[in-house]
Amino acid sequence: MPGFATIQHLQHLDVPGRYLVTRSTWSGLPVYFHNIYAPVESHLRRDFFADLPRDFEPNSLHLVGGDFNLPIDSTLDTASPHPRHSSGKVECVEWLAAIRVIDAWRLFNPHERLYSGPGRVNRLDYLFIDHDLATNMCSSAAYLPNTLGGDHLRHSVTLSHTQSHSSPGYWRLPRELLTDANIRLGIQQEASRLLEKMTSAPTANHGAMWYGWLKRMKAQLIKCHRQFLEANSMTLHHLQLKVAAAKRAFEVTGVGAADIGAAKLALDAASAEHRQQAMDRQFDFHANTNERGTSHFFRRPQGTKVPITCVTVGDTTVTDEATVHTTFTAHWRRIMTTDDDQPPPLLERRRAVLSSLSKRLDPADRDELDSPITAAELCAALKTMDPKKSPGPDGWSAGFFQVAPDVFSQLLHLVFHYQLTHHGQLLPQQRCSAVALLYKSGNRGDPGNYRPIALMAVEVKVLSRAMAFRLAGYATKLVDPSQAGFVPGRRLHDHVMFVQALQQFCTLEDHDHYATFLDFSKAYDMVDQGFLFDVLEEMNVGPSFLRWVRLLYASPVAHLIFNGTLGPAIHPTRGVKQGCPLSCLLFVLYIEPLGDMLRQHPQLGIPLPNGDVSTSIFFADDSTLLPRDLPSAVEQMAIVDEFCVVSGARLNQSKCMTLVLYGRLHK
1 MPGFATIQHL
11 QHLDVPGRYL
21 VTRSTWSGLP
31 VYFHNIYAPV
41 ESHLRRDFFA
51 DLPRDFEPNS
61 LHLVGGDFNL
71 PIDSTLDTAS
81 PHPRHSSGKV
91 ECVEWLAAIR
101 VIDAWRLFNP
111 HERLYSGPGR
121 VNRLDYLFID
131 HDLATNMCSS
141 AAYLPNTLGG
151 DHLRHSVTLS
161 HTQSHSSPGY
171 WRLPRELLTD
181 ANIRLGIQQE
191 ASRLLEKMTS
201 APTANHGAMW
211 YGWLKRMKAQ
221 LIKCHRQFLE
231 ANSMTLHHLQ
241 LKVAAAKRAF
251 EVTGVGAADI
261 GAAKLALDAA
271 SAEHRQQAMD
281 RQFDFHANTN
291 ERGTSHFFRR
301 PQGTKVPITC
311 VTVGDTTVTD
321 EATVHTTFTA
331 HWRRIMTTDD
341 DQPPPLLERR
351 RAVLSSLSKR
361 LDPADRDELD
371 SPITAAELCA
381 ALKTMDPKKS
391 PGPDGWSAGF
401 FQVAPDVFSQ
411 LLHLVFHYQL
421 THHGQLLPQQ
431 RCSAVALLYK
441 SGNRGDPGNY
451 RPIALMAVEV
461 KVLSRAMAFR
471 LAGYATKLVD
481 PSQAGFVPGR
491 RLHDHVMFVQ
501 ALQQFCTLED
511 HDHYATFLDF
521 SKAYDMVDQG
531 FLFDVLEEMN
541 VGPSFLRWVR
551 LLYASPVAHL
561 IFNGTLGPAI
571 HPTRGVKQGC
581 PLSCLLFVLY
591 IEPLGDMLRQ
601 HPQLGIPLPN
611 GDVSTSIFFA
621 DDSTLLPRDL
631 PSAVEQMAIV
641 DEFCVVSGAR
651 LNQSKCMTLV
661 LYGRLHK
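Under the UniProt record's numbering, the first residue of the sequence shown carries the number 1, and numbering increases by one thereafter.
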């Protein structure tokens, strides 16, 4: 263990038989190991935790373990809550917060119930780890059978760290450049010149012209940023030399004290301005990150930027960087691409599923949706984008294009139209996405415990956002009210209230009706694109709009992000991108046939007091079946299975559950 040779027992802090603390150092940082055995008697715990030491170095790290003799989380850590459990809990939590430690096991298992104490009715044994250590270096946490004697489970936490090869990552446009008025003016002028060239040469290769212009602008902005940093540094250095020269002249001649004061004043002013700029940048980060509602402060520790340093292969945790990258890439390549040996779609069964669709656009709506995409729509979409959002692998932020939104929207319109009519696919850099893996829960070494978010080129998000705005206007005409996800005017809250009212109705009327909660495995990533386009055609979406949708999904390339660097290329053949503004609506339309298939069998649903029948409700992929009895639940699941066969969807059977909508448990 690091620091074992220098570990010290701090005897003056001991509470005999109850508390012991040792001190060591890791790379110069003080590290404290706290061992706890809290009093069993509830009336003694309050004073015990209140008296524990809190006066440590500000940068110290803490690891706390032991038998706390109380369940910290009264909803998950005990099978039988009791008032005595609350005695001392406030003081315990305050002490843990004071030394900035968190429950490492709960980080991996946010909803699991496990009991480690005698009789397995309470979780009493904990390992609390420094917040930064837990979120950045904790690779696993587990409770194990006690082979050493005693009636408590053993608890272990593994900390690991793998040094990553230094890499600059991919280029991103520095935000501070866009605050310079001269640079903004230069961007506007260069963009206007490019627009003049494109409009004066309608038969030219607008895609190549755009790509070449961006490449030149990137080189110029890199040079400007270097000069910007050098100018700041040179100004401070020059003023420091003036102060030194004034002091030297005063030492030699005895005159010039006023010159020293003036030089110092100028240096202080420049230094203050430099510090203020740095503070402003930090304030922007703080405001964007921390100045949110209460839920932000009580969130789980952030896991989105935690380095991916290990992978579980079989029962072994591997930390070799090459193996980690290869295994994660192979896993997500299997998810994003269709197997070569997968049988062709069953066309007759697919047609049967598509024929269940009950909503289609009328000719007038079809023509409106199918009208050409305009530069004005692109401009409106561009103006609504967050200028500071993470850019795609090309490095350009929305703020760059918002310097001249009218000009850039016309440029992008010309480029997209050229690519659509001449190539049927976007430019190579537009088809690339950097995929950030967001940790969800469970073993960090399992690639399946991450959610892929595609960071697309901003120019492509402008197009998909404009298309999403247009399609949203017709969503209510294509999607049944039972689907509340991403349809304007509908809310998840309405479904929650409906289920509560339904449960109350079943209880009062003495009905044994049920709710089956479905969990689709990797729902967005498993979408069969062929089936999706068949659904859109069946809904009478016109050919022009379909061409634009196909343009977004033609020959995409994805690169996983590993600790700031891009991994090998993956060529997805299925799925809709999480991170694309249009994807949510596309998924809602993709899953709409399932709702219609269920509604075609009202005899399986729950009859409502107003005479209607409810068979299911949806919020995007969060699907709930509402069978009137258990045989009906089985028949509804058969309908879901048929949908999965033709659509590419896959149920996670272990997470699907059926509950009775009846509040009288004694029946």
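Note that CB positions come from ideal geometry on N, CA and C, so glycine has one too.
Classify residue 66 as helix, strand or coil using the three-state DSSP reduction.
strand
Where residue 573 and residue 594 are concerned, what is the direct C-alpha to C-alpha distance, given to the nearest angstrom?
22 Å
Do residue 83 and residue 74 count as a contact pair if the criterion is CB distance below 8 Å?
no
Extent of the continuous alpha helix (DSSP H) to which residue 217 belongs
206-253
Simplified DSSP assignment, three categories, for residue 122
strand
Among 528, 93, 38, which has the Cα closest to the Cα of residue 337?
528
Continuous alpha helix (DSSP H) stretch holding residue 200: start and end
181-200
Which class does residue 651 belong to by DSSP, given the choice of helix, strand or coil?
strand
Would the segment 379-399 and the segment 457-465 be scored as touching if the rule is three or more Cβ pairs under 8 Å?
yes
Does DSSP put residue 136 in a helix, in a strand, or in coil?
helix
Within the continuous beta strand (DSSP E) that includes residue 26, where are the two ends?
19-26
What distance in whole Å lies between the Cβ atoms of residue 64 and residue 43, which are believed to be in contact at a cut-off of 8 Å?
About 23 Å separates the two Cβ atoms, so there is no contact after all.
Would you check if there are 3 or more beta carbon pairs closer than 8 Å linking the segment 577-594 to the segment 479-494?
yes
Under 8 Å by Cβ, that's how I've got residue 397 and residue 387 pegged, so tell me the actual separation to the nearest angstrom.
6 Å
Within its chain, find whatever has a CB closer than 6 Å to the CB of residue 657; leave out the 5 residues flanking it on each side and keep chain order.
517
Beta-carbon separation of residue 429 and residue 555 under 8 Å?
no
Kindly indicate which three-state DSSP category residue 631 falls into: helix, strand or coil?
helix
Give me the Cα-Cα distance between residue 24 and residue 61, rounded to the nearest whole angstrom.
10 Å
With H, G and I counted as helix, E and B as strand and the rest as coil, what does DSSP make of residue 33?
strand
Between the C-alpha atoms of residue 609 and residue 509, what's the straight-line distance to the nearest angstrom?
10 Å
Please state whether DSSP places residue 416 in a helix, a strand or coil.
helix
Run through the segment 312-363 for me and flag every whole beta strand (DSSP E) of 3 or more residues, listed as ranges in chain order.
316-318
Starting from the Cα of residue 604, find the closest Cα among 627, 576, 211 and give me that residue.
627
Compute every distance between the C-beta of residue 583 and the non-hydrogen atoms of the ligand MG, then say whether any falls below 7 Å.
Because no ligand of any kind appears in the structure shown, any question about the ligand MG cannot be addressed here.
Mind checking residue 495: buried by the 16 CB within 10 Å criterion, or exposed?
buried
In terms of residues, what are the limits of the alpha helix (DSSP H) holding residue 693?
Within the shown structure, residues of the chain are numbered from 1 to 667, placing residue 693 beyond reach of any answer.
Measure the C-alpha to C-alpha separation of residue 661 and residue 356 and round it to an integer number of angstroms.
28 Å
Is residue 642 near residue 354, with beta carbons less than 8 Å apart?
no
For residue 153 versus residue 125, is the C-beta distance shorter than 8 Å?
yes
Does the Cβ of residue 284 have 16 or more other Cβ atoms within 10 Å, making it buried, or fewer, making it exposed?
The predicted model places residue 284 with a pLDDT of 49, which falls under 50 and marks its position as unreliable; any figure quoted below should be read in that light. Residue 284 is exposed by the Cβ-count criterion.
Can you tell me whether residue 619 is helix, strand or coil according to DSSP?
strand
What residue does the alpha helix (DSSP H) around residue 576 start on, and which one ends it?
No alpha helix (DSSP H) holds residue 576; DSSP gives it neither H nor E.
Would you call residue 302 buried or exposed, if buried means 16 or more other Cβ atoms sit within 10 Å of its Cβ?
Because the pLDDT of residue 302 is 47, which lies under 50, any placement of that residue in the model is unreliable, and the number read from its coordinates should be weighed accordingly. Exposed, by the Cβ-count rule.
Between the CA atoms of residue 120 and residue 483 - distance to the nearest angstrom:
42 Å
With the cut-off set at 8 Å, would you say residue 561 and residue 435 are in Cβ contact?
yes
Rounded to whole angstroms, what's the CA-CA distance from residue 526 to residue 647? Just pull it up for me.
9 Å
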